[in-house]
Each structure stands twice: as C-alpha cells, then as structure tokens.
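A quick write-up on the structure given underneath.
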Amino acid sequence: PEGSPIVRPMKIFRGVVGDGVQPMCGMDGDALVAVGGNTVCLTDSSSVYLCDFSLGDTSVVGSYSSSGNNAYPHPMENISVQRLDKHSDEHKKCRIFSLSSSHDNTMLFSADQYRIVGSKLPQSDNNNNSGDDSGDTVVVEYPTQSQSTHVRHVVRCDPTSTNQLAFVGKENKSLHFVTDGRIVNSYSLVNNPIALTYVTLDDVNGEGSSPLVAVAEANQVSIWDHRSRRPVIRESYGGSMLYTVDSQFGYVTCGGMDGCVRVIDPRTWHVCHTWRNALRATVSMVRMSPQTKGVCVAASGVMSEIAVHNWESAMEKVKQSARRKKQLRKAQKQQTKQNKSTDGQTTTATEEKGFSRFDSDTIFRADKRWAGLSFFPSSDDVVGMTTSGCVYYLQLTNVNEQTEAGSSSKRRASDENANTASSDHPNPSKAPKGMK
Numbered sequence: 061p062e063g064s065p066i067v068r069p070m071k072i073f074r075g076v077v078g079d080g081v082q083p084m085c086g087m088d089g090d091a092l093v094a095v096g097g098n099t100v101c102l103t104d105s106s107s108v109y110l111c112d113f114s115l116g117d118t119s120v121v122g123s124y125s126s127s128g129n130n131a132y133p134h135p136m137e138n139i140s141v142q143r144l145d146k147h148s149d150e151h152k153k154c155r156i157f158s159l160s161s162s163h164d165n166t167m168l169f170s171a172d173q174y175r176i177v178g179s180k181l182p183q184s185d186n187n188n189n190s191g192d193d194s195g196d197t198v199v200v201e202y203p204t205q206s207q208s209t210h211v212r213h214v215v216r217c218d219p220t221s222t223n224q225l226a227f228v229g230k231e232n233k234s235l236h237f238v239t240d241g242r243i244v245n246s247y248s249l250v251n252n253p254i255a256l257t258y259v260t261l262d263d264v265n266g267e268g269s270s271p272l273v274a275v276a277e278a279n280q281v282s283i284w285d286h287r288s289r290r291p292v293i294r295e296s297y298g299g300s301m302l303y304t305v306d307s308q309f310g311y312v313t314c315g316g317m318d319g320c321v322r323v324i325d326p327r328t329w330h331v332c333h334t335w336r337n338a339l340r341a342t343v344s345m346v347r348m349s350p351q352t353k354g355v356c357v358a359a360s361g362v363m364s365e366i367a368v369h370n371w372e373s374a375m376e377k378v379k380q381s382a383r384r385k386k387q388l389r390k391a392q393k394q395q396t397k398q399n400k401s402t403d404g405q406t407t408t409a410t411e412e413k414g415f416s417r418f419d420s421d422t423i424f425r426a427d428k429r430w431a432g433l434s435f436f437p438s439s440d441d442v443v444g445m446t447t448s449g450c451v452y453y454l455q456l457t458n459v460n461e462q463t464e465a466g467s468s469s470k471r472r473a474s475d476e477n478a479n480t481a482s483s484d485h486p487n488p489s490k491a492p493k494g495m496k
C-alpha cells in the first residue's frame, strides 16, 4: 500500500570462527571492526584475531525472507583466523574492551585495562612493506588514575588522520585526545561516558572542517573540540540511558535503553528523525553506512535481534504525508462548502503513526546476543558477531530504485484492478471502499 516502507533485499551469510573464540557480552558492539574486503578484526576480550572469509558465488543464493529456505543464513566458505600477538599481554592478562581501525584501514588499535596498542595490519605489509613491522607499533599508556582493572576504555580513530585518536574511561569520567602516541588533551566529564565517535562536518561546513567528538554520557550527548577547554554543546536526547553513538555524513545517531534511535542534525543539534522502538530491547549498538546516506543498522547486546532502517527515505515519507494531509484538508474544506445543503458528512484526515520497528527495512534474529557490529568501508554491507562466536555477513543490495519501480508498478496494477472491479459493479456509487 502507499506509504509502506521500501523493503531492502538482504542476503545473510553465517560462519563459525572456531578456535574457542567466543566474545563476552556487554562490549557495546566494539568486539569487531571491518577493515576492508572480506577481512575483519575481532576480539574475545583476551586476544585479537584477524579473520578472512569467502562468500562464494552470491548470485546463486536468494535474499532473506521470513519463511522458506531463505529464512536461514547461507554458509560461509574458507574462514581463516590469525592471532595478532601484539595486542595481547600474557604477563598482565589484560582484558580488551574495544577495537578501532584508522581511516585508511592500515592500523588497528585495541584498548585494554592499561594501555592502547596500535599495530599495522598484515595486509598493508604485503602491499607496501617488506614484512618487517617492528617499528609500526604504537603504545599509548593511560594516565595513572586510569590504569585500573575497574576502568573500561573505548577508543576511536580520527577519520581524517592516521596519527590522532580519542578514548574515554567509563568509570573515571575522562576524555583524552592522542596525537602521535602522546596524550595532548584530557577532559573531565560530568557523567560516566559509554561510547564516543568522531563527527566530520565536511558535508555541512565544507572541506577542511575540524572533526569533533561526540560522547554519550548517561542520557546526554556532549560534543567536544580538542582545541577548546569546554564542550561545544551538551544536550539531552531522551529520558533514558544512552549506550551507543555513531556518525556519518555529518549526522549523529544515538540509541539507548528506550529502544529508540535518534538522528541529530549538526546544523541545529536537534533531533531530525526518531526511529521509535527500533528493537524490542535496549539498543546497545548503532552503525551508519559510509556509502549510502540514511542507512543505519541497530542491534542489541541483550538479545539477538538486528534491524535495518533508512531514515532519510523515512523523512521523505513524512514530508510526503504532510503534503497529502494538507491537500486532504484543503479538499475537505472545499467539499464542506459544496455540501452545506446535504447531510454534510465528510471524511477526516487520518493521523500518520511514527516510524517503529514494524517500518524497518529488514528485521533478523541471530543465534545469540550481538557482541560486535561494523559496516565495511565504502560499502552498505554489514558484518556482526554474536557471543557464540558466529560471524554474520549482511549483504545489503542497493536496489532502492528497482524496488520503488516495482512497488509503483504493483500500485498501478492494483489501481487498475480496482477500477475494473468498480466498473463491473452494478452500482459503482455503492461499491465497497476498496473498489471506488
């Protein structure tokens, strides 16, 4: 029907990593990061692994459906796992909390209880170097008050530079900026930070804009600039706890305990779209597509559900709905003036409901709770890992135009059938509502 969401076809593949790699829950989606091609880096909180897999011929498999043979993920082929020894310390037995890769996907950074370790990935050595990466390791020691087994850290890399990153300490309420392996700025936060992300405003303010850092603190999002002593802005979005924040194309998305995902416009720092009840439970991870503006994926660390949504197309539908209601009210006023001599019964404009999980492009349930989620660079494809050690590859086919064309053709066909049925009715004025 008109106004229904455009369903985005999705092919799902599943593979078991093996070798006892089972990440712990509660990692807020930082247990996995995609670094390009069919290569991902993942952690089980004690070691970091480089995982390569093959999907085979994807053209022969069907898109995901809620029933039938395509309701189950297709198997992956040739999964290989390589342990990265530089990111583990056998003496201290550190617990790794988060992973992040540089903007060119040549460096991988891991944050544990005592330090941040960065190393060059093996595939970049094959392309650029002879294989000797002894000088390609970066170690950032935490401040003394942050070196504790009770402080969890989350790290993110600057999307415009390879030598800059930022990290937060969840329990000690701190934010730090790092340049060339040295902490250059440190800030004290009001609330316990849960997540952070870089916000690039090139699409809004033009090229060369300094990237900002968005930090989720309790039910607030604070925006920081490393050149300023105070936050640029601190705003509350929703009344519940926020657990995740992400940014692409200058827009910021956040999700939390209420199960809603909110899109924030950086020009006003106001919510421009709300994806209500995106999941049945807490939204603990939200990722935005680096390829297509508006496409985002939400998953939870307390259940196995994952949902795909296109908030830009949803905003366009809201604008179209507002225009239709305005035209309908105008037509009602004219009809009321014309029917003053009659019974005066007219139809009223129906209220449009907000976009919820039932308006998602696709909803899928995995075998266990989600531990990591990431988009591949310059792609709409998503890779995720559950607490059982299974890796899921969600291949989102960008066929919006074809789907819109198909839905419009179906709509035209249904209109033609309705007109035909109405003409065949003995009394068209008394035909059922769907046949008028």
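Numbering of the sequence shown is given in the numbering used here, commencing with residue 61 and proceeding in unit increments.
Glycine is no exception: its CB is placed at the ideal position from the N, C-alpha and C atoms.
Measure how close the beta-carbons of residue 361 and residue 375 come, nearest whole angstrom, since I'm counting them as under 8 Å. As a working note, residue 361 is residue 301 in the sequence shown. As a working note, residue 375 is residue 315 in the sequence shown. Actually they are not in contact, since the Cβ atoms of residue 361 and residue 375 sit about 28 Å apart, beyond 8 Å.
With 16 other CB atoms within 10 Å as the buried threshold, where does residue 97 fall? For the purposes of this step, residue 97 is identified with residue 37 of the sequence shown, where counting begins at 1. The residue in question, residue 97, is exposed, as its Cβ has fewer than 16 Cβ neighbours within 10 Å.
If you compare alpha carbons, which of 102, 378, 274 and 181 is closest to residue 334? Indexing the sequence shown from 1 puts residue 334 at position 274. Cα-wise, what sits closest to residue 334 is 378.
Expressed to the nearest angstrom, what Euclidean distance is found between the alpha-carbon atoms of residue 434 and residue 101? Within the sequence shown, numbered from 1, the residue matching residue 434 stands at position 374. Within the sequence shown, numbered from 1, the residue matching residue 101 stands at position 41. If I take the Cα positions, the gap works out to 10 Å.
Run through the stretch 300-340 for me and flag every whole beta strand (DSSP E) of 3 or more residues, listed as ranges in chain order. 302-308, 311-316, 321-325 and 330-335
Whole-number beta carbon distance between residue 161 and residue 168, since they are thought to touch under 8 Å: Residue numbering aside, residue 168 sits at position 108 when the sequence shown is read from its first letter. Residue numbering aside, residue 161 sits at position 101 when the sequence shown is read from its first letter. At roughly 5 Å, the Cβ-Cβ gap stays under 8 Å, so residue 168 and residue 161 are in contact.
Which residue comes first and which comes last in the beta strand (DSSP E) that contains residue 348? The sequence position of residue 348 within the sequence shown is 288, counting from 1. Residues 345-348.
What is the DSSP secondary structure of residue 397, counted as helix, strand or coil? Residue 397 sits at position 337 when you count from the first residue of the sequence shown. Reduced to three states, the DSSP call for residue 397 is helix.
If you check the beta carbons only, do residue 174 and residue 141 fall under 8 Å apart? Position 114 of the sequence shown, counted from the start, is the residue given in the question as residue 174. Position 81 of the sequence shown, counted from the start, is the residue given in the question as residue 141. No, the pair does not count as a contact, with Cβ atoms beyond the cut-off.
I'd like to check one pair, residue 115 with residue 432: are the Cβ atoms closer than 8 Å? Start at 1 with the first residue of the sequence shown, and residue 432 comes out as number 372. Start at 1 with the first residue of the sequence shown, and residue 115 comes out as number 55. It is not a contact, given that the beta carbons lie outside the stated cut-off.
I need the boundaries of the beta strand (DSSP E) containing residue 198, first residue and last residue. Taking the sequence shown and counting its residues from 1, the one referred to as residue 198 is at position 138. Counting along the chain, the beta strand (DSSP E) containing residue 198 begins and ends at 197-201.
In whole angstroms, give me the CA-to-CA distance for residue 386 and residue 332. Residue mapping note: residue 386 aligns to position 326 of the sequence shown, counting from 1. Residue mapping note: residue 332 aligns to position 272 of the sequence shown, counting from 1. Roughly 21 Å separates the two Cα atoms.
Can you name, in chain order, every residue of its own chain whose Cβ lies under 6 Å from the Cβ of residue 525, other than the five neighbours on each side? Residue 525 cannot be examined here, being either before or after the span of the chain that is shown, 61 to 496.
Can you tell me which residues form a DSSP beta bridge with residue 70? Counting from one through the sequence shown, the residue named residue 70 turns up at place 10. Note: residue 70 sits in a beta bridge opposite 456.
Can you say whether residue 370 is buried or exposed, counting buried as having 16 or more other CB atoms within 10 angstroms of its CB? On the sequence shown, residue 370 is found 310 positions in, with the first residue counted as 1. With 16 or more other Cβ atoms within 10 Å, it is buried.
In chain order, which beta strand (DSSP E) runs of at least 3 residues are fully inside the stretch 84-139? 92-96, 99-103 and 108-114
Give me the Cα-Cα distance between residue 352 and residue 70, rounded to the nearest whole angstrom. Within the sequence shown, numbered from 1, the residue matching residue 352 stands at position 292. Within the sequence shown, numbered from 1, the residue matching residue 70 stands at position 10. Near 15 Å, if we compare the C-alpha coordinates of residue 70 and residue 352.
Enclosing beta strand (DSSP E) for residue 498 [first to last residue]: Past the boundaries of the shown model lies residue 498; the chain is included only from 61 to 496, so the question cannot be answered.
So if DSSP puts residue 430 in a beta bridge, which residue, or which two residues, is it bridged to? Taking the first residue of the sequence shown as position 1, residue 430 is located at position 370. Beta-bridge pairing links residue 430 to 446.
Buried or exposed (CB count within 10 angstroms, at least 16 for buried), residue 427: The residue given as residue 427 occupies position 367 in the sequence shown. Exposed.
Take the Cβ of residue 253 as the centre, count every other Cβ of all protein chains shown within 10 Å, and call the residue buried at 16 or more, exposed below. Residue numbering aside, residue 253 sits at position 193 when the sequence shown is read from its first letter. Per the 10 Å Cβ criterion, buried.
If you follow the beta strand (DSSP E) that residue 157 is part of, which residue opens it and which one closes it? Here residue 157 corresponds to residue number 97 of the sequence shown, with the count starting at 1. That residue, residue 157, is in no beta strand (DSSP E); it is neither H nor E in DSSP.
For residue 340, tell me which candidate among 425, 258, 350 and 372 has the shortest Cα-Cα distance. Within the sequence shown, residue 340 is the residue found at index 280, counting from 1. Comparing Cα positions, the closest option is 425.
If we ignore side chains and look at the alpha-carbon of each, how far apart do residue 422 and residue 111 end up? Sequence index remark: in the sequence shown, residue 422 carries index 362 (1-based). Sequence index remark: in the sequence shown, residue 111 carries index 51 (1-based). The alpha-carbon atoms of residue 422 and residue 111 are separated by roughly 26 Å.
Between residue 306 and residue 395, what straight-line distance do the alpha-carbon atoms span, to the nearest angstrom? Counting from 1 along the sequence shown, the entry for residue 306 is found at position 246. Counting from 1 along the sequence shown, the entry for residue 395 is found at position 335. In a straight line, the C-alpha of residue 306 is about 48 Å away from that of residue 395.
Own chain residues within Cβ distance below 7 Å of residue 82, not counting five before or after: In the sequence shown, the residue the question calls residue 82 occupies position 22. Only 104, 447, 448 and 449 meet the Cβ criterion.
Among 133, 106 and 129, whose alpha-carbon lies nearest the alpha-carbon of residue 451? Taking the sequence shown and counting its residues from 1, one reaches residue 451 at position 391. Checked all of 133, 106 and 129; the closest Cα to residue 451 is 133.
Helix, strand or coil at residue 383 [DSSP, three-state]: Along the sequence shown, read from residue 1 onward, the residue named residue 383 stands at position 323. Looking at residue 383 - three-state DSSP - the assignment turns out to be helix.
Going by DSSP in three states, residue 167 sits in which element: helix, strand or coil? Within the sequence shown, the letter at position 107 stands for residue 167. Residue 167: strand per DSSP, three-state reduction.
One or two residues paired with residue 180 in a DSSP bridge: Residue 180 sits at position 120 when you count from the first residue of the sequence shown. Note: residue 180 sits in a beta bridge opposite 167.
Does the stretch 276-291 touch the stretch 240-255, meaning 3 or more C-beta pairs lie closer than 8 Å? yes
Inter-residue CB distance, residue 256 and residue 244 (contact presumed, cutoff 8 Å): For this step, residue 256 is matched to residue 196 along the sequence shown. For this step, residue 244 is matched to residue 184 along the sequence shown. Not really, about 16 Å apart at Cβ, beyond 8 Å.
Hey, quick one: how far does the beta strand (DSSP E) through residue 173 stretch, first residue to last? One-based indexing of the sequence shown puts residue 173 at position 113. It is not in any beta strand (DSSP E) - residue 173 carries neither H nor E in the DSSP assignment.
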